[in-house]
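According to the working numbering, the sequence shown is numbered sequentially starting from 260.
Working notes for the structure below.
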Amino acid sequence: MDRRPIVIANWKMYLDAAATLRAARATRVLVARAAARVDIVLCPSFPLIPSVVAAVKGSRIRVGAQDVHAELRGPYTGDVSAEHLRGLVRYVIIGHSERRRQYGETDDIVARKFHQALHAGLQPIVCVGETADERDAGDTVAVVRRQVHRVLAGMPALSLARCVFAYEPVWAVRSNLGAPGAQPAPDDAAQVMGLIRKVAADRAGRRYAERLRVVYGGSVDAKTAKIFVAEPHVDGVLVGASSTNPVALHRIIREVLACHS
Ligand code: PGA
């Protein structure tokens, strides 16, 4: 099954408004050719979405949000619903470890967000992964299986083609713009990504699970992208800190393309 590779840039809260716009414009120029062969998704913070949408209009670059609320409407001061995002962005990141940790998002909340995104016609990018403690306790498989299983319960099999799962070991995600953190052995990461597809296959059948895109995330840069994407069945990367630099992002995209051509 030929799945289109995907590179997702999670800009978190790293860039101010002017720097966000500069990064979007520079990325557009640099990736113009590559964008024909790989899905490129820029995820700025909520208020900067419209200016990034305008900056990439007419290109193949897509825009994503970094989160969405679990409910569609209601008394949720400061939150953003799937309805607000519909028509504005194509993708939305859900269940990022920073949100799970900093805002106490449970598997149940992540699952509800996932369903809101799907109902609104958005393409969810679901982050899963174990903490350092869970890894040390030998619980990686159980944790990731539980996280994926919980999200996919009650989901129509057909929707898998619109979903992306990102395996992001929490301990590998960079805590700031500085030096990259630790990383798993590429074949260990690939095994967990295989597990994600297996859980999807158990839920929806192999035929549908083959359409699901599964990517790696956690301290990816231009040097490390290819060692993860070279593993079989890895469809791309989710990149935080390195993606704020358009030249680095472009290099990562080229590495991903090289592995997929
Ligand atoms: P990082 O972030 O590439 O800076 O480690 C990845 C992520 O949090 O999605």
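Backbone N, C-alpha and C define an ideal beta-carbon position, used for all residues, glycine too.
Predicted model, so just to flag it, every value in this text is computed and none were measured.
Where arginine 466 falls, given that 16 or more other Cβ within 10 Å makes a residue buried
Numbered from 1 along the sequence shown, position 207 holds the residue referred to as residue 466. The residue in question, arginine 466, is exposed, as its Cβ has fewer than 16 Cβ neighbours within 10 Å.
Residue environment, tyrosine 205, which counts as buried when at least 16 other CB atoms sit within 10 Å
What the structure shows of the chain is the stretch from 260 to 520, and residue 205 is not part of that stretch, so it cannot be assessed.
Indicate, with yes or no, if ligand 1 has a heavy atom lying under 6 Å from the CB of asparagine 504.
Translated into positions along the sequence shown, residue 504 becomes position 245. False, no ligand heavy atom lies under 6 Å from that Cβ.
Taking the alpha-carbon of alanine 268 as reference, which of Arg262, Ala276 and Asp298 has the nearest alpha-carbon?
For the purposes of this step, residue 268 is identified with residue 9 of the sequence shown, where counting begins at 1. The residue with the shortest Cα to Cα distance from alanine 268 is Asp298.
So what's valine 327 in DSSP terms, helix, strand or just coil?
Within the sequence shown, residue 327 is the residue found at index 68, counting from 1. It is coil, neither helix nor strand.
Burial state of histidine 378, where buried means 16 or more other Cβ atoms lie within 10 Å:
On the sequence shown, residue 378 is found 119 positions in, with the first residue counted as 1. With fewer than 16 other Cβ atoms within 10 Å, it is exposed.
Figure out for me which residue from Gly346, His328, Leu347 and Leu344 has the closest Cα to the Cα of aspartate 338.
Counting from 1 along the sequence shown, the entry for residue 338 is found at position 79. It is His328.
Is the beta carbon of alanine 420 closer than 7 Å to that of glutamine 375?
Residue mapping note: residue 375 aligns to position 116 of the sequence shown, counting from 1. Residue mapping note: residue 420 aligns to position 161 of the sequence shown, counting from 1. No.
What does the alpha-carbon distance come out to for the pair aspartate 326 and leucine 344?
Within the sequence shown, residue 326 is the residue found at index 67, counting from 1. Within the sequence shown, residue 344 is the residue found at index 85, counting from 1. Their backbone Cα atoms lie some 10 Å apart in a straight line.
What residue range does the alpha helix (DSSP H) around valine 377 cover?
For the purposes of this step, residue 377 is taken as the residue at position 118 of the sequence shown. Checking the displayed sequence, the identity of residue 377 turns out to be leucine instead of valine. Leucine 377 -> alpha helix (DSSP H) spans 366 to 378.
Which listed residue (Pro309, Gly464, Asp261 and Val451) has its alpha carbon closest to that of valine 400:
Position 141 of the sequence shown, counting from 1, holds the residue named residue 400. Ranking Pro309, Gly464, Asp261 and Val451 by Cα distance to valine 400 puts Val451 first.
Bridge partners - isoleucine 353, DSSP secondary structure assignment
Here residue 353 refers to the residue found at position 94 of the sequence shown. Per DSSP, Val385.
Nearest-angstrom Cα separation, counted from proline 445 out to isoleucine 486
For the purposes of this step, residue 486 is taken as the residue at position 227 of the sequence shown. For the purposes of this step, residue 445 is taken as the residue at position 186 of the sequence shown. Computed Cα separation, rounded: 6 Å.
Between the alpha carbons of arginine 462 and histidine 408, how many angstroms are there, rounded?
As a first step, residue 462 is located in the sequence shown; it is residue number 203 there, counting from the start. As a first step, residue 408 is located in the sequence shown; it is residue number 149 there, counting from the start. Rounded to the nearest angstrom, the two C-alpha atoms are 8 Å apart.
Would you say serine 478 touches ligand 1, meaning its beta carbon is less than 6 Å from a heavy atom?
On the sequence shown, residue 478 is found 219 positions in, with the first residue counted as 1. Yes, Cβ of serine 478 sits closer than 6 Å to a heavy atom of ligand 1.
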